[in-house]
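Quick notes on the structure that follows.
2 protein chains.
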Amino acid sequence: MPEMNDAERRKFLLDGTKTGKLATVRKDGSPHVVPVWYDLDGDSLVFTTGAETVKGRNIKREPRVCMAVDDQAPPYSFVMIEGTAELSEDPEELYHWAKRIAARYMGQAKAEAFGKRNSGEGEVLVRITPSKIISYRDVTA
Amino acid sequence: MPEMNDAERRKFLLDGTKTGKLATVRKDGSPHVVPVWYDLDGDSLVFTTGAETVKGRNIKREPRVCMAVDDQAPPYSFVMIEGTAELSEDPEELYHWAKRIAARYMGQAKAEAFGKRNSGEGEVLVRITPSKIISYRDVTA
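Residue numbers (the numbering used here), protein chains in the order written: chain A, 1 to 141; chain B, 142 to 282.
Here it is as structure tokens:
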């Protein structure tokens, strides 16, 4: 399987509206995975979530996380990023990223509305610093 | 967010070539998530993997797993399934599912070749019995 270089991976992660499947670990030690909207800040993955959601609580307890992003059609490509998550409640930073991420996934016209919703009371910004990255393109080619 | 009923969820899980993002837990307690090709056997999720891959080894140690399947375009829909995985090395069962899954993801013409590859030496069949399911459609509608 050919590996992506850094530029290819960056393009892959930012093209279109691919979601990140964020895996965290529950208090009982079992895994949890749900889709999130994300963006890149340099090499870091950035997304917002409710502090009291399952993933929000899991990250607070266990900051080691893993995210998978893939193209679900032949020839299939995917990126897996393991890393450590940091939480921020800074309102300006939170709104900046929530709006930017909303523009990516919902379009510019809806960016402000979704940006406000996703940076309101109880929301937090999550930043993942990668520690390990795997990225394969055209897995079945 | 509207929830899917059982028929809607089944259709969603089987339509097209959506991959399952399978989350497992590593020996060191950190989460791991990668895409897998899957099918349904009744209510169970079925897929094949190498016994010595990271996910294969993780499942053997900790059978509690979680899988996310989503539509990565507006209005966004997703299913999350938590459950317990069982492994089988029965060659007939393994080839049956590997071929069927390959037909789904690669087309009938390539089913035999990919089915053989994914049921060869070192491959195992994984069957997830769901314990908890969440399924939302049209999240942003």
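Glycine included, C-beta positions come from ideal geometry on N, C-alpha and C.
field: Integer-rounded CB distance, given that Ile-81(A) should sit under 8 angstroms from Leu-45(A)
entry: Yes, Leu-45(A) and Ile-81(A) are in contact; Cβ-Cβ is about 6 angstroms, under 8 angstroms.
message: In the DSSP output, which residue or residues are listed as bridge partners for Ser-44(A)?
response: Bridge pairing for Ser-44(A): Asp-41(A) [DSSP].
query: What is the residue span of the alpha helix (DSSP H) that Val-54(A) lies within?
result: Here the alpha helix (DSSP H) through Val-54(A) covers 54 to 61.
- prompt: In this structure, does DSSP put Glu-82(A) in helix, strand or coil?
  reply: In the three-state DSSP reduction, Glu-82(A) falls in the strand class (E or B).
- request: In the DSSP assignment, find the alpha helix (DSSP H) that holds Glu-233(B) and state where it starts and stops.
  value: It spans 232 to 247 - the alpha helix (DSSP H) in which Glu-233(B) sits, taken as one unbroken run.
- prompt: Which of the residues in the region 28 to 51 of chain A, read from start to end, lie with their CB under 7 angstroms from any CB of chain B?
  reply: Result list: Gly-29, Ser-30, Pro-31, His-32, Val-33, Val-34, Pro-35.
message: If I follow the unbroken alpha helix (DSSP H) through Gly-115(A), where does it start and stop?
response: Segment 111 to 117, the alpha helix (DSSP H) holding Gly-115(A).
field: Nearest-angstrom Cα separation, counted from Asp-28(A) out to Glu-86(A)
entry: Answer to the nearest angstrom: the Cα atoms are 21 angstroms apart.
- request: Sort out for me which residues DSSP pairs Met-145(B) with in a bridge.
  value: Met-145(B) is not bridged to any residue.
- prompt: For Ala-68(A), which residues does DSSP report across the bridge?
  reply: According to DSSP, which records beta bridges pairwise, Ala-68(A) is partnered with Lys-21(A), Met-80(A).
message: For the region 149 to 166 of chain B against the region 195 to 210 of chain B, do three or more pairs of beta-carbon atoms, one drawn from each stretch, fall closer than 8 angstroms, so that the two count as touching?
response: The count of Cβ pairs closer than 8 angstroms, one atom from the region 149 to 166 of chain B and one from the region 195 to 210 of chain B, reaches three, so the stretches are in contact.
- prompt: Arg-104(A): which of Gly-56(A), Val-34(A), Lys-18(A), Met-4(A) sits nearest, CA to CA?
  reply: It is Lys-18(A) whose Cα lies nearest to the Cα of Arg-104(A).
message: Please state whether the Cβ-Cβ distance between Met-106(A) and Thr-189(B) is less than 8 angstroms.
response: Taking 8 angstroms as the cut-off, the beta carbon of Met-106(A) is found no closer than this to the beta carbon of Thr-189(B).
- request: Please classify Gly-94(A): is it buried, with 16 or more other beta-carbons within 10 angstroms of its beta-carbon, or exposed?
  value: Residue identity differs from the one stated: residue 94(A) is Leu in this sequence, not Gly. Burial call: buried.
- prompt: How many Å lie between Asn-199(B) and Asp-231(B) at the Cα?
  reply: In this structure, the straight-line span from the alpha carbon of Asn-199(B) to that of Asp-231(B) is close to 20 angstroms.
query: Can you find a CB in chain A that lies within less than 8 angstroms of the CB of Pro-215(B)?
result: For Pro-215(B), the nearest CB of chain A lies under 8 angstroms from its own CB, placing it at the interface with that chain.
query: Do you know how far the Cα of Leu-14(A) is from the Cα of Ala-7(A)?
result: Approximately 11 angstroms between the Cα atoms of the pair.
message: Quick check on Val-65(A) - is its C-beta less than 8 angstroms from some C-beta in chain B?
response: Put simply, the CB of Val-65(A) is near chain B, with a gap under 8 angstroms to one of its CB atoms.
field: 8 angstroms Cβ cutoff, Val-124(A) in contact with chain C
entry: The structure shown has no chain C; the protein chains it does contain are A and B.
Residues near Glu-52(A) in its chain [Cβ-Cβ closer than 7 angstroms; skip 5 each side]: Closer than 7 angstroms at the Cβ level, and outside the excluded window around Glu-52(A), lie Gly-122.
- prompt: Does the beta-carbon of Arg-202(B) have 16 or more other beta-carbons within 10 angstroms, so that it is buried, or is it exposed?
  reply: That one is exposed.
task: State buried or exposed for Asp-279(B), treating a residue as buried only when at least 16 other CB atoms are found within 10 Å of its CB.
output: Of the residues assessed, Asp-279(B) falls on the exposed side of the cut-off, its CB having fewer than 16 other CB atoms within 10 angstroms.
query: Just how far apart, CA to CA, sit Ala-252(B) and His-237(B)?
result: Cα to Cα, the separation comes out at about 11 angstroms.
query: Looking at the C-beta of Phe-12(A), does it have a partner C-beta in chain B at a distance below 8 angstroms?
result: No, Phe-12(A) lies away from the interface with chain B (no Cβ there is under 8 angstroms from its Cβ).
Cut-off 6 angstroms between Cβ atoms - residues of its own chain near Val-177(B), not counting five sequence neighbours on either side: Cβ within range, chain order: Gly-161, Leu-163, Phe-188.
message: DSSP has Thr-129(A) in a bridge; who is on the other side?
response: Beta-bridge pairing links Thr-129(A) to Thr-84(A).
message: For Ala-250(B) and Ser-77(A), what's the separation of their Cα atoms in angstroms?
response: Take the alpha-carbon of Ala-250(B) and the one of Ser-77(A): they are about 21 angstroms apart.
- prompt: Got a sec, what are the start and stop residues for the beta strand (DSSP E) Val-33(A) sits in?
  reply: Its beta strand (DSSP E) spans residues 31 to 36.
- prompt: Skipping 5 residues on each side, what residues in its chain have a beta carbon closer than 8 angstroms to that of His-173(B)?
  reply: Excluding positions up to five away in sequence, the list reads Ala-164, Thr-165, Val-166, Arg-167, Val-195, Lys-196, Asn-199.
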